[in-house]
Amino acid sequence: MGKIIRVVIADDQPFVRQGLRYIIDAQPDMECAGEAEDGEAACRLAADTKPDIILMDIQMPVLSGIEATQRILSENAEIRIVLLTTFDVEAYVIEGIRAGAAGYLLKDTEMQDILDGIRWADQGNAIYRTPTASKALARAIADYGKRIGLAQPSGHLGEELTERELDVLQQMAYGRNNAEIAGMLNISQGTVKTHIHRILQKLEVEDRTKAVVLAIRTGLVE
50 MGKIIRVVIA DDQPFVRQGL RYIIDAQPDM ECAGEAEDGE AACRLAADTK
100 PDIILMDIQM PVLSGIEATQ RILSENAEIR IVLLTTFDVE AYVIEGIRAG
150 AAGYLLKDTE MQDILDGIRW ADQGNAIYRT PTASKALARA IADYGKRIGL
200 AQPSGHLGEE LTERELDVLQ QMAYGRNNAE IAGMLNISQG TVKTHIHRIL
250 QKLEVEDRTK AVVLAIRTGL VE
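Quick note: the sequence shown, position 82, residue 131 per my numbering, numbers continuous.
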């Protein structure tokens, strides 16, 4: 048997947690590692169980999902957190990215897409596929393109990205795989891999999710 993805569910609504647990435990490659009813409980559970993925609601009592995400990732950056919410709000998308979340999905998303999102995030990819998230990321990455050559943000971020690398980064932010990026940009998958390799080198990160997160969190994009 291959790897089992261990998932924590953080949501203040019991029926949401129970429904997700039932479906996750039914997957041959997943298991529910625990449930949390608020952000504070999610932090404790993350420290105790060290799951691969946390499905995190945004609006929860005691500590919000965004605040819990920041705290958890400051203590264990290997955990992947996917925000799962009813609100497709641009401010939440950007706050989630800046907090380090690997994804942003809506609760009315098809369940198979949520399961695929868990698997995709576990592989180190970004999952931002809501209409508002797509617009926010497209605008953010386009803004970076306009700002090349202007005042540099704090911190060493390597070389500047080319226009084509920005195009690929934008598609990465949408959560598209190499084949999808190749089709969107009318280039070969080999060329896509080369561009991604250069993007990771220039931003000095080891995976796709961190490239998108770094670009926004450091002020390269807004």
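Beta carbons: idealized from backbone N, C-alpha and C, even for Gly.
Alpha-carbon spacing of D256 relative to N227, whole angstroms: For this step, residue 256 is matched to residue 207 along the sequence shown. For this step, residue 227 is matched to residue 178 along the sequence shown. Whole-angstrom Cα-Cα distance: 13 angstroms.
Distance CB(G149)-CB(I176) smaller than 9 angstroms: For the purposes of this step, residue 149 is identified with residue 100 of the sequence shown, where counting begins at 1. For the purposes of this step, residue 176 is identified with residue 127 of the sequence shown, where counting begins at 1. No, these two residues do not count as a Cβ contact at 9 angstroms.
DSSP bridge partner residues for C92 (one or two, in chain order): Counting from one through the sequence shown, the residue named residue 92 turns up at place 43. Answer is none; C92 lacks a bridge partner.
For A59, report the span of its beta strand (DSSP E) as first-last. Taking the first residue of the sequence shown as 1, we reach residue 59 at position 10. Counting along the chain, the beta strand (DSSP E) containing A59 begins and ends at 54–59.
R129: first and last residue of the uninterrupted beta strand (DSSP E) it sits in: Locating residue 129 in the sequence shown gives position 80, where the first residue counts as 1. First-last of the beta strand (DSSP E) with R129: 129–134.
Counting only the same chain and skipping the five closest in sequence on each side, list residues whose C-beta sits under 7 angstroms from that of D87. By one-based count along the sequence shown, residue 87 stands at place 38. For D87, where only same-chain residues beyond five positions count, the Cβ hits under 7 angstroms are D61, M109, P110, V111, L112.
Ranges of the beta strand (DSSP E) found wholly within the stretch 205–244, counting only runs of at least 3: none
Please classify I53 as buried or exposed, where buried requires at least 16 other C-beta atoms within 10 Å of its C-beta. Mapped onto the sequence shown, residue 53 falls at position 4. That one is exposed.
Local conformation of I107 per DSSP, three classes: Working through the sequence shown from its first residue, we reach residue 107 at position 58. If DSSP states are grouped into helix, strand and coil, I107 belongs with coil.
Which residues DSSP lists as bridging L155, in chain order: Translated into positions along the sequence shown, residue 155 becomes position 106. DSSP, once it has assigned bridges, lists T134 as partnering L155.
What are the residues that DSSP puts in a beta bridge with I102? Counting from one through the sequence shown, the residue named residue 102 turns up at place 53. I102 is bridged to V56, R129.
Do you know how far the Cα of I102 is from the Cα of V56? Numbered from 1 along the sequence shown, position 7 holds the residue referred to as residue 56. Numbered from 1 along the sequence shown, position 53 holds the residue referred to as residue 102. The alpha-carbon atoms of V56 and I102 are separated by roughly 5 angstroms.
On a CA-only basis, which of E144, K251, N174 is nearest T211? Give me that one, please. To locate residue 211, count along the sequence shown from 1; it is residue 162. The residue with the shortest Cα to Cα distance from T211 is K251.
For Y141 and G68, what's the separation of their Cα atoms in angstroms? Along the sequence shown, read from residue 1 onward, the residue named residue 141 stands at position 92. Along the sequence shown, read from residue 1 onward, the residue named residue 68 stands at position 19. Going from the Cα of Y141 to the Cα of G68 covers about 24 angstroms.
Whole-angstrom distance between R93 and L104, CA atom to CA atom: Along the sequence shown, one-based indexing puts residue 104 at 55. Along the sequence shown, one-based indexing puts residue 93 at 44. Between L104 and R93, the C-alpha separation is close to 15 angstroms.
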